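Residue numbers (this note's numbering): 3 to 316. Where a beta carbon is used, it is the ideal one built from N, C-alpha and C, also for glycine. Since the structure is predicted, the reported quantities are computational estimates derived from the model, not experimental observations. Beneath this line is the structure, given in structure tokens, with notes to follow.
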């Protein structure tokens, strides 16, 4: 059974609501055709990168997956904040025009620090998901599933209640969902273009259904009508999660909402690429198994990861 909820837990970590807006004027000048930097502890953030590619097909992207230190969820937020600083420095050295922290735990730990430290716009994945959940809920009872680190931070509770203090938030850690998401990618063998249907069949296997029911049945009993997928791995599990919570519960993907925020920010800033710009996609990982990253990335993004490098930050 999953860890119980923290309905009334006041987070020690501040809501970062308007910081994303306030930093717009602090960036240094850069070419509009410079890439967007996106990073995560590993593969999950590729779901965010994929949504950005859909929303902004002309934009170049540099994606950094910190596989060597994955997962971030069980680590202290102080340690994760140090990782955020290191990776942001690496991306800025590569000339990115903005940074997307495509990891909920890293957002909780390091978004405020990154926005205060670096002179490019930095956004995370928590606020976009929180705003979407507040808009979607009808009975003002919202569930959040995430890693242990994200749940312990209370960041989603703070973010949602900052928008509407009358919303009751029920959060639970679902650490095995990360394992299931990555296992599904490995098991879904077949043509890249058929990945979604192949993976969905893997994820609804009985053993995975049992784990999902243990995690999600307590949330159902809380009568939530909206569920935030508070880890960037979890959009891969929509079929599994939806089969347990039912069609009356709205699933909020932080990946989709973050891509919209990225688009809105660049549009307001006048920093979109030129219409004739040909995008490039570069990938980097601290994991030593380059080919594993290439295979996972190819399946999530549905195109070959030709431009991939190993990076050591230690």
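Element boundaries [beta strand (DSSP E), containing residue i]
i           : result
residue 39  : 38-42
residue 311 : 310-312
Whether residue i touches residue j by CB criterion (7 Å)
i           : j           : result
residue 251 : residue 229 : yes
residue 103 : residue 93  : no
residue 110 : residue 155 : yes
residue 284 : residue 35  : no
residue 315 : residue 81  : no
residue 57  : residue 261 : yes
residue 96  : residue 125 : no
residue 1   : residue 50  : For residue 1 there is no data in the structure shown, the boundaries of the chain being 3 and 316.
residue 69  : residue 300 : no
residue 158 : residue 108 : no
residue 187 : residue 242 : no
residue 106 : residue 244 : no
residue 150 : residue 132 : no
residue 182 : residue 210 : yes
residue 112 : residue 83  : yes
residue 281 : residue 62  : yes
residue 45  : residue 286 : no
residue 116 : residue 86  : yes
residue 179 : residue 236 : yes
residue 267 : residue 123 : yes
Minimum C-alpha distance to residue i - residue among the options
i           : options               : result
residue 119 : 90, 143, 243 and 157  : 90
residue 163 : 139, 178 and 294      : 139
residue 54  : 294, 147 and 264      : 264
residue 170 : 300, 226 and 257      : 226
residue 303 : 40, 48 and 33         : 48
residue 127 : 254, 71 and 313       : 254
residue 240 : 223, 258 and 143      : 258
residue 168 : 180, 152, 153 and 143 : 143
residue 79  : 292, 293, 208 and 152 : 152
Three-state class that DSSP yields for residue i in the structure shown
i           : result
residue 66  : strand
residue 29  : Residue placement at residue 29 is poorly supported in this model, since its pLDDT is 46, which falls under 50; the coordinates still yield a value, given next. DSSP places residue 29 in coil when its eight states are reduced to three.
residue 279 : coil
residue 45  : coil
residue 175 : strand
residue 286 : strand
residue 149 : coil
residue 24  : In this prediction, residue 24 has a pLDDT of 37, which is less than 50 and means its spatial position is unreliable; what the coordinates show is noted afterwards. Helix.
First through last residue of the alpha helix (DSSP H) which encompasses residue i
i           : result
residue 164 : 157-165
residue 299 : 292-303
What runs of the alpha helix (DSSP H), each 4 residues or longer, lie entirely inside the region 107-147? 128-138
Let me know the alpha helix (DSSP H) ranges lying completely inside the region 219-269, each 4 residues or longer, listed in chain order. 240-247
Residue ranges of each beta strand (DSSP E) run of no fewer than 3 residues wholly in the region 71-110, ordered along the chain? 100-103
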